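As structure tokens, the structure follows; a few thoughts come after it.
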Amino acid sequence: MTAWVCLLYHGVPAEAPAGGGGPDRFAVARADFERQLAWLADDGWTGRSVAACLNDPRPRQVALSFDDGEYNQFASALPALVARGMTATFYVTTSWVGRPGYVSWDDLRTMRDAGMDIQSHTHTHPFLRDLASPEVSFELTESRRQLDRELEQQTNGLSFPNGSYPRSECRRLVEDAGYQVVGTSRWGANHGTARTGPTYVRRCTISGAPSQRLFLQVVSGDAALRWRKQSREWCLGSLRAVLGSDRYSRWRRRLLDAAQG
Numbered sequence: 003m004t005a006w007v008c009l010l011y012h013g014v015p016a017e018a019p020a021g022g023g024g025p026d027r028f029a030v031a032r033a034d035f036e037r038q039l040a041w042l043a044d045d046g047w048t049g050r051s052v053a054a055c056l057n058d059p060r061p062r063q064v065a066l067s068f069d070d071g072e073y074n075q076f077a078s079a080l081p082a083l084v085a086r087g088m089t090a091t092f093y094v095t096t097s098w099v100g101r102p103g104y105v106s107w108d109d110l111r112t113m114r115d116a117g118m119d120i121q122s123h124t125h126t127h128p129f130l131r132d133l134a135s136p137e138v139s140f141e142l143t144e145s146r147r148q149l150d151r152e153l154e155q156q157t158n159g160l161s162f163p164n165g166s167y168p169r170s171e172c173r174r175l176v177e178d179a180g181y182q183v184v185g186t187s188r189w190g191a192n193h194g195t196a197r198t199g200p201t202y203v204r205r206c207t208i209s210g211a212p213s214q215r216l217f218l219q220v221v222s223g224d225a226a227l228r229w230r231k232q233s234r235e236w237c238l239g240s241l242r243a244v245l246g247s248d249r250y251s252r253w254r255r256r257l258l259d260a261a262q263g
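All residue numbers for the sequence shown refer to the working numbering, where the first residue is 3 and numbers rise by one.
Structure follows, in structure tokens:
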């Protein structure tokens with residue numbers, strides 16, 4: 003059975019952020035992103051969308067995905083991908099489309115026409131775990147409705163915002179809303195192809211400027227690295243369960259800000 007890794011990116015600004023926490027801690031500067039694509043190509047890897055990896059598994063493939071829909075993904079990541087003949091999945095928060103710093107619908111149509119896969123990152127980017135079922139349903143269905151209308155497609159992919167896995171009773175709503183592939187923030191490799199019912203995809207977050215050795219360890223699904231990352235996820239998940247999503251998020255941001263400082 004073919005195993006493959008999915009990388010998760012956020013912002014791809016022209017320059018590396020000056021410092022601080024918040025969304026900047028996930029950013030990968032344009033030059034670093036281009037360097038990472040070169041590492042993939044030089045090592046024999048092909049960057050593809052999540053759907054391509056699921057529906058047509060091949061040796062030495064890696065899925066590339068982006069969350070949020072920041073404008074720099076259009077301005078920086080798209081040209082780099084097209085130049086290397088690679089594709090990716092862009093998960094977009096639909097209520098942010100057209101806001102300063104985010105893609106427009108015309109940008110998304112250009113990305114679609116360039117072969118990119120455009121999917122849902124909910125409508126307002128909430129902590130899904132903290133919402134009641136009707137609110138979760140609205141987030142899922144409204145985002146899908148807008149993407150279908152504006153991009154003339156049948157949206158079937160979703161990624162959870164804030165690394166927040168919804169409660170088990172809400173997962174049925176994911177399927178009811180018509181989603182077949184769900185990107186998570188859980189570390190690890192994926193095995194095989196799409197199956198009946200929603201397929202949950204593990205994604206490995208890339209941020210900053212990792213070394214070539216570390217980056218290729220992530221891409222190849224290095225077992226020791228996977229164990230460290232999954233152990234860390236378990237600890238943080240337990241802390242989130244105790245504190246609640248909002249308090250946990252504020253605590254983690256303060257800690258990261260202090261570390262950056």
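Note that beta-carbon positions come from the ideal geometry of N, C-alpha and C, so glycine has one too.
Values in this document were obtained by computation on a predicted structure and should not be read as measured data.
- Distances from the CA of residue 128 to each of 194, 43, 81, 98 were compared; the closest alpha carbon is that of 98.
- Under DSSP, the beta-bridge partners assigned to residue 68 are 11, 92.
- Looking at the DSSP output, residue 107 bridges to nothing.
- DSSP assignment within the stretch 96 to 156 yields the following whole alpha helix (DSSP H) runs of 4 residues or more, N-terminal first: 107 to 115, 135 to 153.
- In this structure, residue 200 lies away from residue 169, with their beta-carbon atoms at least 9 Å apart.
- Here residue 206 is bridged, per DSSP, to 9.
- Taken atom to atom, the span from the alpha-carbon of residue 44 to that of residue 138 is near 42 Å.
- The beta carbon of residue 228 is closer than 8 Å to those of 189, 190, 191 in its chain, skipping five residues each way along the sequence.
- Note on residue 69: 16 or more other CB atoms within 10 angstroms of its CB, so buried under the neighbour-count rule.
- In this chain, the beta strand (DSSP E) harbouring residue 183 covers 183 to 185.
- Boundaries of the alpha helix (DSSP H) around residue 173: 173 to 178.
- Distance between residue 104 and residue 72, taken at the CA atoms: about 4 Å.
- Look at residue 197 here: in three-state DSSP terms it is coil, with no helix or strand label.
- Residue 48 is bridged by DSSP to 63.
- Using a Cβ-Cβ distance cut-off of 8 Å, the stretch 151 to 159 and the stretch 110 to 130 are in contact, since at least three pairs of beta carbons, one from each stretch, lie closer than that value.
- Check the Cα spacing between residue 198 and each of 131, 183, 64: the tightest is with 183.
- Residue nearest to residue 187 within the set 147, 80, 93, 87 is 93 (criterion: CA-CA distance).
- In the DSSP assignment, residue 30 falls outside any alpha helix (DSSP H) and carries neither an H nor an E.
- Going by C-alpha positions, residue 26 is about 31 Å away from residue 175.
- Look at residue 78 here: in three-state DSSP terms it is helix.
- In the three-state reduction of the DSSP assignment, residue 161 falls in the strand class.
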